[in-house]
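Enquirer: First residue of the sequence shown: 1, per full-length UniProt numbering; consecutive thereafter.
Just so it is clear, CB atoms sit at the ideal spot from N, CA and C, and this is done for glycine as well.
Supplied in structure tokens, the structure appears directly below.
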Amino acid sequence: MRLSPMNQRRWARFKANKRGWWSLWLFLALFVLSLGAELIANDKPLAIRYDGQWYFPVFKRYPETVFGGEFPLEGNYKAPYMRQQLAEKDAWVLWPPIAYSYDSINYDLRVPVPSAPSRENLLGTDDQARDVLARVIYGFRVSVLFALVLTLLSSLIGVLVGALQGFYGGWVDLLGQRFLEIWSGLPVLYLLIILASFVQPNFWWLLGIMLLFSWMSLVDVVRAEFLRGRNLEYVRAARALGMKNGKIMFRHILPNAMISTLTFMPFILTGAIATLTSLDFLGFGLPAGSPSLGELVAQGKSNLQAPWLGISAFVVLALMLSLLVFIGEAARDAFDPRK
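This is the structure in structure tokens:
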């Protein structure tokens, strides 16, 4: 698909911002790698060549009887018994680079937990003997996916509400603004904590609770664009020709309003990640045991004698949020009408 001349200029301005351009590629590379976290950090082999046949435990569960075991349950491939069964048949085993998943416990540690970084656990282990690097990779994926879904849904709701207020004006706009003033004045973090304490939070429950408040960030921007756009000549001409309000809103005014909306989305994304991390840190976020950067921050606070926990969480969060801010700044400059 060929871009219009204006979008080509915007893309060229975005690429001219080297910090934002390289931040985009670095963030995409990290995100794509995290999507394949099971292939990078897992306590199951990627492939096994056993008795002349191929097996792929990372994709399919096999009972240990397949490899000469005694029980019809999936075995622990890192256990000495399973290793012995595989060795007896001269099996070829391909392990991922990190032989631990986010919930794998290192039972072979000879030092108290949390253990310091070592050759086996590059970033050490937490206070439950789980590999920190594996939890960071999975936690990065959960945080980004959660923030992306929340940003997309909140943007859809915010754009729709702002479009209705700005296009129709009058009582619709007046009542909408009064509701927004009341709703935005509520202490969001405290309400999130209270609501999360009523139910056992999971990914979708937490997403729905945060969606109750995150949609307001785009309403004012879209509303202002529609208030300005509804009085332009081409909108009046379309109305005079009998075009329906829905088509005028979403075919003629919305494309212009989306310019300012797109520049805000990376910053909404950073806010969603920060809020999820805060809730996890306070213990009101994802279920216990989930790969969470906020939970890693809490462990760093509780285990000051293990600085690698807090440093790992800080570096990942700082890198992630900095990249998103740099991308947002480049997008804002690219869509700036003054340039």
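On a CA-only basis, which of Leu309, Ala16 and Trp25 is nearest Gly300? Give me that one, please.
Expert: Leu309
Enquirer: Is the stretch 158 to 165 in contact with the stretch 126 to 143, if contact means three or more CB pairs nearer than 8 Å?
Expert: no
Enquirer: Is Leu304 a contact residue of the ligand NAP, with contact defined as CB to any heavy atom under 6 Å?
Expert: Annotation note on the ligand NAP: not contained in the displayed structure, which lists no ligands.
Enquirer: Thinking C-beta only, is Leu150 closer than 7 Å to Ala272?
Expert: yes
Enquirer: Would you list, in sequence order, the uninterrupted alpha helix (DSSP H) runs of no fewer than 4 residues that lie entirely inside the stretch 173 to 220?
Expert: Runs of the alpha helix (DSSP H) inside the stretch 173 to 220: 188 to 198 and 203 to 214.
Enquirer: What's the gap between the Cα of Leu241 and the Cα of Val235?
Expert: In a straight line, the C-alpha of Leu241 is about 10 Å away from that of Val235.
Enquirer: Tell me which same chain residues have a C-beta within less than 7 Å of the C-beta of Ala129, skipping the five on either side of it?
Expert: Ile105, Asn106, Leu109 and Val113
Enquirer: Kindly indicate which three-state DSSP category Ala47 falls into: helix, strand or coil?
Expert: strand
Enquirer: Can you name, in chain order, every residue of its own chain whose Cβ lies under 6 Å from the Cβ of Ala47, other than the five neighbours on each side?
Expert: Leaving aside the five residues that flank Ala47 on each side, the residues in its chain whose CB is nearer than 6 Å to its CB run, in chain order, Phe56 and Leu94.
Enquirer: In whole angstroms, what separates the C-alpha of Asp103 from that of Arg141?
Expert: 15 Å
Enquirer: If you compare alpha carbons, which of Leu164, Ile193 and Ser278 is closest to Lys247?
Expert: Leu164
Enquirer: Return yes when the Cβ of Phe326 is within less than 7 Å of the Cβ of Arg49, no when it is not.
Expert: Not in contact: Arg49 and Phe326 (Cβ atoms no closer than 7 Å).
Enquirer: Please state the DSSP three-state secondary structure of Tyr55.
Expert: strand
Enquirer: Looking only at C-alpha atoms, which of Ala237, Ala274 and Pro307 sits nearest to Thr321?
Expert: The sequence given here has Leu at residue 321, not Thr. Ranking the options by Cα distance to Leu321, first place goes to Ala274.
Enquirer: Under 7 Å between the Cβ atoms of Ala313 and Leu282?
Expert: no
Enquirer: Do you know how far the Cα of Tyr168 is from the Cα of residue 369?
Expert: Past the edges of the chain, shown from 1 to 339, lies residue 369, and the structure says nothing about it.
Enquirer: Can you tell which of Val172, Gly176, Leu207 and Leu319 has its C-alpha closest to the C-alpha of Leu30?
Expert: Leu319
Enquirer: With distances taken between CB atoms, is the gap from Leu276 to Phe146 smaller than 7 Å?
Expert: yes
Enquirer: Under DSSP, the beta strand (DSSP E) around Val297 begins and ends at which residues?
Expert: Not the beta strand (DSSP E): Val297 falls in the alpha helix (DSSP H), residues Leu293 to Ser302.
Enquirer: Cutting at 8 Å between CB atoms, please list the residues of its own chain near Leu73, excluding the five before and the five after it.
Expert: Pro63 and Glu64
Enquirer: Run the CB neighbour count on Leu175, radius 10 Å, all protein chains shown included, and call it buried at 16 or more, exposed below.
Expert: exposed
Enquirer: Is the separation between the beta-carbon of Ser101 and that of Asn7 shorter than 7 Å?
Expert: no
Enquirer: Which residues in the same chain as Leu295 place their Cβ atom closer than 6 Å to its Cβ, once the five residues preceding and following it in sequence are excluded?
Expert: Correcting the residue identity first, residue 295 is Glu in this sequence and not Leu. Only Asp280 meet the Cβ criterion.
Enquirer: Quick check on the DSSP output: the beta strand (DSSP E) that includes Val93 runs from which residue to which?
Expert: Trp92 to Leu94
Enquirer: Could you tell me which residues DSSP pairs with Ala306 in its beta bridges?
Expert: According to DSSP, which records beta bridges pairwise, Ala306 is partnered with nothing at all.
Enquirer: Among the candidates Ile194, Ser217 and Thr125, whose CA atom is the shortest distance from the CA of Lys180?
Expert: What sits at residue 180 in the sequence shown is Leu, not Lys. For Leu180, the nearest C-alpha among the options comes from Ser217.
Enquirer: Measuring CA to CA, which of Ser214, Trp22, Ala116 and Met258 is closest to Thr270?
Expert: Ser214
Enquirer: Indicate the three-state DSSP secondary structure (helix, strand or coil) for Arg130 in the structure shown.
Expert: strand
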